[in-house]
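Mapped onto our numbering, the consecutive letters of the sequence shown carry residue numbers 2 to 194.
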Amino acid sequence: MIMLYTQSGCHSCMTSCSFFCPPACATGNPSESSVRFLANYTSSLKCNTRQPQFEKLVHLIEPNDTLIVTKLDRFARNTREALNLIDDLLKEKIMIKVLSLGTIDNTPIGRMIVRTLLSVAEMERDMIIERTQAGKIFARQHNPDYKEGRPKRKKDSRNMAIFEYSNSHTVKEAAKAFNISPRTVQHIKKLFR
2 MIMLYTQSGC HSCMTSCSFF CPPACATGNP SESSVRFLAN YTSSLKCNTR
52 QPQFEKLVHL IEPNDTLIVT KLDRFARNTR EALNLIDDLL KEKIMIKVLS
102 LGTIDNTPIG RMIVRTLLSV AEMERDMIIE RTQAGKIFAR QHNPDYKEGR
152 PKRKKDSRNM AIFEYSNSHT VKEAAKAFNI SPRTVQHIKK LFR
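1) Check whether the segment 88–100 and the segment 63–77 are in contact - that is, three or more C-beta pairs closer than 8 Å.
2) Hey, could you find the ends of the alpha helix (DSSP H) K94 is sitting in?
3) If you run the structure through DSSP and keep just helix, strand and coil, what is I181?
4) Measuring alpha carbon to alpha carbon, tell me which residue in I105, R159, K57 and A140 is nearest G150.
5) So, with DSSP's three-state summary, where would you put T102?
6) Please report the straight-line C-alpha distance between V121 and I189, rounded to a whole angstrom.
7) Kindly confirm or deny that the segment 157–168 and the segment 176–185 touch, where touching means at least three C-beta pairs closer than 8 Å.
8) Specify the secondary structure class of E63 as computed by DSSP and reduced to three states.
9) Does the segment 78–90 touch the segment 107–125, meaning 3 or more C-beta pairs lie closer than 8 Å?
10) Which value, in whole angstroms, describes the spacing of the CA atoms of G136 and E123?
11) Measure the C-alpha to C-alpha separation of N160 and E131 and round it to an integer number of angstroms.
12) Let me know if D66 comes out buried or exposed under the rule of 16 or more other beta-carbons within 10 Å of its beta-carbon.
13) Could you give the first and the last residue of the continuous alpha helix (DSSP H) run that contains F76?
14) With a cut-off of 8 Å on the beta carbons, I'd call I105 and I87 a contact; round off their distance for me.
15) Between the Cα of R78 and the Cα atoms of F55, K191 and T171, which residue gives the shortest distance?
16) Going by DSSP, what residue range makes up the alpha helix (DSSP H) through D127?
17) For P183 and K191, which I take to be in contact (beta-carbon distance under 8 Å), what is that distance rounded to the nearest angstrom?
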């Protein structure tokens with residue numbers, strides 16, 4: 002979660018989770034402190050570029066605003082990109098608060114701490130990828146039945162019951178009756194066609 006405290010005006014929340022929105026946003030009173038929220042739900046391992054909502058947020062930031070980030074590695078996917086972004090924000094007099102670290106300031110010690118922590122975060126990400134790849138190689142060598150990805154759906158009795166029920170009911174009704182998502186019902190219908 003990334004939040005932006007602004008100095009003037011009231012802004013809407015930048016997430017579909019409206020319950021994160023503080024009362025100041027609901028009142029529309031510019032004299033109250035206003036906040037923008039950005040929820041980042043994408044895995045840092047699957048995406049190597051910054052998120053579109055984060056890009057919007059960076060363009061909305063003005064001098065004397067405060068950017069609050071839950072973890073330092075949420076800024077970017079690698080150390081160089083994060084350092085460039087942090088340097089740009091600090092040059093524009095934007096305060097950066099990291100919940101797990103504190104306030105990032107534009108001092109030599111502050112920059113050293115940020116560089117060190119970003120390097121550690123990038124190393125951890127790389128090690129996770131390396132261990133995952135090593136585990137897959139080991140599984141391929143030692144398990145003749147190993148297959149990557151999810152197992153294919155089977156035409157078992159439960160899926161047959163869902164298919165038959167969905168033929169006489171809507172997809173939403175079938176999903177609710179069997180406590181599964183509508184997309185799963187659609188996959189099962191496709192399986193039996």
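Glycine included, each C-beta is placed from N, C-alpha and C at the ideal position. This one's a predicted model, so the numbers in the text were calculated from it and none came from an experiment.
Let me spell this out:
1) yes
2) Element bounds for K94: n/a, residue is neither H nor E.
3) coil
4) A140
5) Sequence check: residue 102 is Leu here, not Thr. Here L102 sits in coil by DSSP.
6) 44 Å
7) yes
8) coil
9) Cβ pair count under 8 Å is three or more, so yes.
10) When the Cα atoms are used, G136 and E123 turn out to be separated by approximately 20 Å.
11) Cα-Cα distance, rounded: 37 Å.
12) buried
13) Unbroken run through F76: none, as it is neither H nor E.
14) 6 Å
15) F55
16) P109 to H143
17) Their Cβ separation, rounded to whole angstroms, is 13 Å, which puts P183 and K191 out of contact at 8 Å.
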